[in-house]
Structures are given as structure tokens and as C-alpha cells.
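First the structure, in the form of C-alpha cells, and then the observations on it.
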Amino acid sequence: MSDEKDKDLNGTEHGEENESNDAETLAEKKTRAVAEAKAKAAELKKKREEEKVVKAGQAEEETQEDAKARAAAEAKARAAELRKKREEEKLAEADEQIESKEDAKARAAAEAKARAAELRKKREAEKSVGSDTVDDTATAKAKAAAAAKAKAEALKKKKEREQAVESVVGDDKASAKAKAAAAAKAKAEALRKKKEREQAAESESGDDAASAKAKAAAAAKAKAEALRKKKEKAAQAGSDDDADDAKAKAAAAAKAKAAALANKRAKEQAGGGATDDEKAKAIAAAKAKAKAAAAARAKGSKTEEAEEEKPSPNQPLLNKYVKVIKEHLGEEVLEDFYINKLAKHVPTLVAKPETFYKLAEFLKRNEQLAFDFLSELHGSDFETHMEVYLYLYSFQNRQPVSLKVKIDRDEPSVDSVTPLWEGANWPEREAYDLLGITFKGHPNLTRIMMPDDWVGHPLRKDYEQYDVEV
Numbered sequence: 003m004s005d006e007k008d009k010d011l012n013g014t015e016h017g018e019e020n021e022s023n024d025a026e027t028l029a030e031k032k033t034r035a036v037a038e039a040k041a042k043a044a045e046l047k048k049k050r051e052e053e054k055v056v057k058a059g060q061a062e063e064e065t066q067e068d069a070k071a072r073a074a075a076e077a078k079a080r081a082a083e084l085r086k087k088r089e090e091e092k093l094a095e096a097d098e099q100i101e102s103k104e105d106a107k108a109r110a111a112a113e114a115k116a117r118a119a120e121l122r123k124k125r126e127a128e129k130s131v132g133s134d135t136v137d138d139t140a141t142a143k144a145k146a147a148a149a150a151k152a153k154a155e156a157l158k159k160k161k162e163r164e165q166a167v168e169s170v171v172g173d174d175k176a177s178a179k180a181k182a183a184a185a186a187k188a189k190a191e192a193l194r195k196k197k198e199r200e201q202a203a204e205s206e207s208g209d210d211a212a213s214a215k216a217k218a219a220a221a222a223k224a225k226a227e228a229l230r231k232k233k234e235k236a237a238q239a240g241s242d243d244d245a246d247d248a249k250a251k252a253a254a255a256a257k258a259k260a261a262a263l264a265n266k267r268a269k270e271q272a273g274g275g276a277t278d279d280e281k282a283k284a285i286a287a288a289k290a291k292a293k294a295a296a297a298a299r300a301k302g303s304k305t306e307e308a309e310e311e312k313p314s315p316n317q318p319l320l321n322k323y324v325k326v327i328k329e330h331l332g333e334e335v336l337e338d339f340y341i342n343k344l345a346k347h348v349p350t351l352v353a354k355p356e357t358f359y360k361l362a363e364f365l366k367r368n369e370q371l372a373f374d375f376l377s378e379l380h381g382s383d384f385e386t387h388m389e390v391y392l393y394l395y396s397f398q399n400r401q402p403v404s405l406k407v408k409i410d411r412d413e414p415s416v417d418s419v420t421p422l423w424e425g426a427n428w429p430e431r432e433a434y435d436l437l438g439i440t441f442k443g444h445p446n447l448t449r450i451m452m453p454d455d456w457v458g459h460p461l462r463k464d465y466e467q468y469d470v471e472v
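Residues 3 to 472 (this note's numbering) make up the sequence shown, in order.
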């Protein structure tokens with residue numbers, strides 16, 4: 003019994019211990035579970051906060067990108083509008099410049115035509131006067147007087163034009179230029195009077211050398227007096243140091259000229275003791291000598307014409323070129339052809355204006371000729387017409403040729419050969435700049451030496467500078 007009681011007591015004690023252990027284990031599990039739940043909750047909260055931060059950053063980045071895109075679009079729109087506005091302003095300025103250039107060119111062309119007509123009339127007058135005999139001294143003097151009058155009239159018109167142009171520039175410059183024009187007019191008038199006096203004196207005195215010398219001395223005095231008055235006027239008009247220096251130099255030159263004239267007169271007076279018979283003999287001897295020289299020249303020219311000319315070594319080349327051209331392009335393409343003996347006997351072809359480009363292209367493309375190199379291109383003013391000259395060379399055949407075309411002087415125009423030879427680009431621009439020749443089809447026909455606003459073409463024979471201060 004006691005043993006059984008002991009067993010029951012032991013079993014009860016063990017059971018209570020097991021229950022207490024189970025209770026402690028359950029509490030620990032709960033504690034761990036709570037701790038794990040808190041940890042998971044904290045981790046989940048942290049994760050959610052991180053996700054919120056990421057989403058907020060993405061939203062902010064998207065907002066910044068949208069703002070940048072809008073700003074870039076607005077900037078592009080403003081830039082396009084500004085560029086368009088600037089282009090419109092440039093176009094307007096270009097139109098204004100073109101209009102002003104065209105007006106200036108039109109004025110310059112009108113003035114050039116007027117000067118050309120005036121020059122042509124003057125030359126016709128000179129030619130009509132020149133039909134008389136050379137030995138007729140009275141006619142020669144009349145020619146000189148007419149030429150002096152024409153020159154004085156041209157100078158007067160030029161000064162009047164310059165005065166009209168200069169009146170636009172400020173009051174001070176206008177006043178100075180007006181004084182200069184007045185001085186020029188005074189000089190022209192004095193020169194005209196001098197010529198008239200010389201003509202009257204020479205027509206009355208004939209071969210009387212002593213009287214002529216006296217009249218020449220009087221004319222020189224009048225000229226010196228006119229020059230002195232001109233210098234005084236210029237001295238009153240001038241104000242700066244450069245003008246004073248120029249006046250001093252002019253005065254010194256005038257004094258030197260007067261001294262030289264005085265020395266010449268003294269020498270003439272010292273050697274003037276010869277009799278009238280001796281002077282007459284000297285004049286007759288001079289005329290005889292001049293006639294003999296003229297006769298010798300005439301005889302020499304006839305002798306040279308009579309001599310048989312030797313054929314040019316390049317005549318076979320010219321014959322070859324002409325034959326090939328006529329076979330392919332016909333007889334009407336060439337206006338003329340010859341050997342230029344003044345330019346190393348180079349074979350020369352003269353094209354018509356309407357066939358110039360066709361012939362130039364044929365000279366380059368044809369396999370028998372193959373003139374693939376342009377050595378030179380220039381224009382020339384012959385007063386009656388203008389010419390464009392090309393010097394070509396064939397490296398294949400080692401042969402030269404020159405091609406030229408005669409064009410109208412009033413409206414000089416010809417086809418450009420730049421599409422055939424690229425080296426013609428700048429020489430054609432030079433001919434346009436200095437002579438006014440228009441090359442149709444040129445890629446950029448603008449001035450190359452003179453400024454774009456320059457009036458006229460300096461290598462024309464009738465050119466006169468537009469700006470008197472240059």
C-alpha cells in the first residue's frame with residue numbers, strides 16, 4: 003500500500019512538473035510569436051515605406067522630365083520663331099540692298115552710256131578734223147583748240163556732276179567740294195582762254211618764232227596767275243594740316259615750274275639772235291626731213307609687203323582643228339580662224355556668240371582634240387566691242403589653241419564655261435568685276451576685287467571713278 007502511495011505521489015509530482023514545463027514552453031512560444039509578428043510587421047512597414055519612397059522618387063522624376071520636355075519644346079518654338087524673324091529681317095535687308103545696288107548700277111550704266119556717247123562724238127569730231135593734211139599747221143592748231151575745248155567742256159560737266167553728288171554729303175564737305183569745283187572751273191576757263199590766245203597768236207604770226215615766243219610767255223604768265231589765284235582760293239578753303247602741306251607742295255611745284263620757265267625763256271632770248279632767214283631755213287629743213295622719213299616708212303612698208311611670208315609652223319595644227327570642227331559642227335560655227343603671230347604663233351579660233359559654248363564643249367569633249375586644260379581666261383575692251391579670250395591646252399596631244407568671241411560692248415554677255423573648266427570660275431568673276439561682262443550660267447557671278455557697292459567697272463576704256471575722294 004505504501005508502495006502504491008509512493009508511486010501515486012511520485013506520479014503526481016511528475017505530472018505537475020510536466021504541466022509547469024508545458025506552461026513555460028507555451029509562454030515562450032507566444033513571446034517568440036509576438037516578437038516574430040512585430041519583426042514581420044516592422045519589416046513590412048519598412049518595405050512599404052521604401053516602396054512609397056521609390057514611388058515618390060519616380061513620380062518626381064516623371065514630373066521633372068515632363069517639365070524639361072515642356073521647357074525644351076517652348077525653347078525650340080521660341081528659337082524657331084526668332085530664327086524665322088531674323089530670316090525675314092535678312093530677306094528684307096537683302097531686298098533693300100539689291101534695290102539700292104540695282105539703282106546705283108542703273109545710274110552708273112546711264113552715266114557710262116552718256117560718257118561713251120560723248121567720247122564717241124568727240125572721236126568722230128577728231129576723225130573728221132583729221133582728214134586734212136598733216137602739214138597744214140593751221141588745221142593742226144584748230145584740231146588742238148577743238149580738242150582743248152572738248153576736254154574743257156567734258157571736265158566742266160564732270161565737275162558739275164561731282165558737285166551735284168557731293169552736295170548730298172554734309173554742309174562742310176559740300177562747301178569744300180564746291181570751292182574745289184569752282185577752282186577747277188577757273189582752271190578750265192584759264193586753259194580754254196590760253197588755247198584761244200595761242201590759236202589766235204599762231205594764226206596771225208605763222209612762222210614768226212619771236213612773236214610766238216612772246217605770246218607763249220604771255221600765256222605762261224596768265225596760266226601762272228590763274229594757278230596762283232587757284233592756290234589762294236584753295237588756301238582759303240582748306241583748314242587742316244594735310245591741306246596746308248598739300249598747298250605748300252603745290253606752291254613749291256609752281257615756283258619750280260615758274261623758275262624753269264624763266265630759265266627756258268632766258269636761254270631762248272640768249273640764242274634768239276638768228277635772222278628770220280635762218281629760222282625759215284631751219285623750218286624748211288625740218289619739213290623736208292619729216293617728208294623724207296615718211297617716204298622712207300612708206301617704201302619700207304611696201305618692201306615688207308612684197309616679201310613672201312614664211313608659213314607658220316603651227317599652220318598644220320590650225321588646219322587640223324578647222325577640219326575636225328567643220329566635219330562635226332558645220333561651216334557656220336566659226337566666224338574666223340588664223341595664226342596669232344604676236345602670241346607665239348598660237349592657232350586662234352573666233353566663235354560666234356551663239357555658238358561659243360557649243361564650240362568650247364566640242365574642243366574639250368572631242369577625242370581627236372581633247373583640250374582638257376584651261377590655262378587662261380580674260381576679257382578686253384576694244385571700245386567698239388569686247389572680247390573674251392580662252393587659252394586651252396591638250397595634254398594628250400601636247401598642242402595649244404586659243405578660243406575667243408566678240409560680244410556687244412553696250413550689253414556684254416556670253417555663256418559661262420565654268421561647267422566645262424572649273425578653273426574659269428574666278429577669271430570670269432574678274433572679267434565681270436572689272437569690265438562688266440555677264441557670264442550666263444555662272445554659279446556665283448559676283449565681284450571679286452572691288453566692293454559689292456562699287457559703281458562702274460575700272461578696266462573699261464570709258465570708266466570714270468564715281469567717288470571723287472578716292
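The beta carbon of each residue, even a glycine, is placed where N, CA and C say it ideally should be.
I need the DSSP call for residue i, collapsed to helix, strand or coil.
i, result
"Asn321", "helix"
"Thr440", "strand"
"Gln99", "helix"
"Asp105", "helix"
"Val416", "strand"
"Trp456", "coil"
"Glu466", "coil"
"Val136", "For Val136, the pLDDT reaches just 43, beneath the cut-off of 50, and the residue's location in the model is therefore unreliable, leaving the point undetermined."
"Leu447", "coil"
"Arg411", "coil"
"Gln60", "helix"
"Leu157", "helix"
"Gln66", "helix"
"Glu311", "coil"
"Arg125", "helix"
"Pro421", "coil"
"Asn316", "coil"
"Arg117", "helix"
"Asn427", "helix"
Just the C-alpha distance for residue i and residue j, rounded to the nearest angstrom, thanks.
i, j, result
"Ala433", "Asp412", "15 Å"
"Val36", "Gln60", "36 Å"
"His444", "Ser404", "21 Å"
"Lys103", "Gly438", "14 Å"
"Asn368", "Gly458", "39 Å"
"Val326", "Arg400", "17 Å"
"Ala152", "Lys124", "7 Å"
"Phe373", "Ile409", "23 Å"
"Lys542", "Glu356", "As displayed, the chain neither begins before 3 nor continues past 472, which places residue 542 out of reach and without an answer."
"Pro107", "Trp456", "For the sequence presented, residue 107 should be read as Lys rather than Pro. Whole-angstrom Cα-Cα distance: 9 Å."
"Glu385", "Lys145", "22 Å"
"Lys57", "Lys87", "45 Å"
"Ala82", "Ala75", "10 Å"
"Lys40", "Asp68", "41 Å"
"Phe364", "Phe339", "16 Å"
"Lys231", "Lys160", "22 Å"
"Ala298", "Ala290", "12 Å"
"Glu191", "Ala156", "12 Å"
"Leu93", "Arg80", "20 Å"
"Leu193", "Val407", "43 Å"
"Leu371", "Lys322", "9 Å"
"Glu162", "Ala127", "23 Å"
"Lys354", "Val324", "15 Å"
Who does residue i pair with in a DSSP beta bridge?
i, result
"Leu405", "Leu351 and Leu392"
"Gly381", "Val390"
**the region 98-118 / the region 455-471 touching (three or more Cβ pairs under 8 Å)** = Yes, they touch.
**Message:** At 4 residues or longer, what runs of the alpha helix (DSSP H) sit wholly inside the region 326-379?
**Reply:** Scanning the region 326-379 from its first residue to its last, the whole alpha helix (DSSP H) runs of 4-plus residues come out as 358-367.
**Prompt:** So, do the region 338-350 and the region 378-386 have three or more beta carbon pairs nearer to each other than 8 Å?
**Reply:** Output reads no: the region 378-386 does not touch the region 338-350.
**Asked** Do the region 446-458 and the region 423-433 touch if we need at least three Cβ pairs shorter than 8 Å?
**Response** At 8 Å Cβ cutoff, the stretches touch.
**Touching by the beta-carbon criterion (3+ pairs, under 8 Å), the region 387-399 and the region 332-343** = The answer is no - the region 332-343 does not touch the region 387-399, with fewer than three Cβ pairs under 8 Å.
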